[in-house]
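So for the sequence shown, the working numbering puts the first residue at 405; every next one is plus one. Each residue gets a CB set at the ideal place from its N, CA and C atoms; glycine is no exception. Since the model is a prediction, treat every value here as computed from it, not as a measurement.
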Amino acid sequence: DLYVSKTSCRKAKLRVMNEHLGNFREEFARLYDYAEQLKTTNPGTIVSIRTSKNTIPGKEVFMSIYICLGSLKIGWKEGCRRIIGLDGAFLKSVCKGELLSCISKDGNNQMYPIAWAVVDKETKDTWSWFLKCIKHDLELTKGEGLTVMSDMQKVLLYYLLNLFLHFWSN
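As structure tokens, then:
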């Protein structure tokens, strides 16, 4: 018989995960480089990274990243229907969190990605931030002629109503 302790298994798993998925600290340190590379290679791209220095004193902790590629933004404005779909999905990998997405339909009735964000969790704050970013990037000044689809979670519904009531009151 062969006996392997739990500690040995954990160490082996951590070593394999680091080899295949990379070191999180090193990856986080390169997040700003990644954002700059996206902006450099795709003009008009917006990348917003939110961090907190209050969660762990003296350390910068990742909270969220929003990405809207310039070419996708232009494509939506010039060739897509005035429909956006909003949804959130759990990330179940080593890095937990949520993926918030904004999609549309192109001229061939196919799904067309517009923007996405990775957030620590789906909250009023993260949805509000995501929707404000979309509003700015897609230049949705009044929201007229725009159809919004979602699973209508209470949090999302509240912010959608606030966002569009704000459009109409301006």
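**Request:** Compute the beta-carbon to beta-carbon distance between R450 and L435, rounded to the nearest angstrom, for a pair I have assumed lies under 8 Å.
**Result:** Reading off the sequence, residue 450 comes out as Ile, not Arg. Rounded, the Cβ-Cβ distance is 15 Å, inconsistent with contact.
**Asked** Are G489 and S508 touching if we call contact CB-CB under 8 Å?
**Response** In this structure, G489 sits near S508, with a CB-CB distance shorter than 8 Å.
**Request:** Measure how close the beta-carbons of C472 and A519 come, nearest whole angstrom, since I'm counting them as under 8 Å.
**Result:** Contact annotation, C472 with A519: C-beta distance approximately 4 Å; criterion of less than 8 Å satisfied.
**K457 - containing alpha helix (DSSP H), residue span** = K457 -> no alpha helix (DSSP H), and no H or E assigned at all.
**Asked** Based on Cα-Cα distance, which residue from E502, D510, S468, C499 lies nearest to I487?
**Response** For I487, the closest alpha carbon among the candidates E502, D510, S468, C499 is that of D510.
**Request:** Using only alpha-carbon positions, find the residue among L476, L406, K463 that is nearest to K443.
**Result:** Of L476, L406, K463, the residue nearest in Cα terms is L476.
**Request:** May I ask you to report which of helix, strand or coil DSSP gives E502?
**Result:** Three-state result, E502: strand.
**Item:** Per-residue DSSP class, three states only, for G489
**Value:** DSSP places G489 in strand when its eight states are reduced to three.
**Prompt:** Do you know offhand how far I481's Cα is from G501's?
**Reply:** A small correction: the amino acid at residue 481 is Lys; Ile does not occupy that position in the sequence shown. Distance from the CA atom of K481 to the CA atom of G501, rounded to whole angstroms, is 30 Å.
**Message:** Please give the ranges of any alpha helix (DSSP H) in the region 406 to 431, keeping only runs that are unbroken, at least 4 residues long and fully inside the region.
**Reply:** With a minimum length of 4 residues, the continuous alpha helix (DSSP H) runs that stay inside the region 406 to 431 are 410 to 425.
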